[in-house]
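Residue 85 in my numbering sits at position 71 of the sequence shown, with consecutive numbering throughout.
Every residue gets a Cβ at the ideal spot worked out from N, C-alpha and C, and that includes glycine.
Just so we're clear, the structure is a prediction, and the values are computed from it rather than from any experiment.
Scroll down for the structure; my scribbles are underneath it.
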Amino acid sequence: MAAMNDTYTREFEEDKGSVKQLEGYASKEVDVAAAHLMVQMPAELAALSPEELAEVDRKATKKLDILLMPILVSLYIL
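Okay, structure coming up:
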């Protein structure tokens, strides 16, 4: 029981830290919801030109389609 309370306490402290960070964004006149959803592009992708980024996007989409489409079609048939 004590270990469970320690876990909840630790999670609560982490959540408080997240709230403090979001409040810091809000004080900088940044929308809190937008600050929570900000995604940083990896350095490898940030260094690519728009054409190269479009090519990577196309290849990733094709790989996902090849993986997911057979599963989705078979589920649709069922």
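Q: Quick one: grab the DSSP three-state call for Pro64.
A: helix
Q: May I have the straight-line CA-CA distance separating Arg72 from Val53, to the nearest angstrom?
A: 20 Å
Q: Give the DSSP-derived three-state secondary structure of Pro84 in the structure shown.
A: helix
Q: Using a threshold of 8 Å, state whether the C-beta atoms of Val70 and Leu62 are closer than that.
A: yes
Q: Would you check if the distance between the CB atom of Leu67 and the CB atom of Leu59 is smaller than 8 Å?
A: yes
**Q.** Residues of its chain near Ser88, where Cβ-Cβ distance is below 7 Å and the 5 sequence neighbours each way are ignored
**A.** none
Q. Which of helix, strand or coil does DSSP assign to Val70?
A. helix
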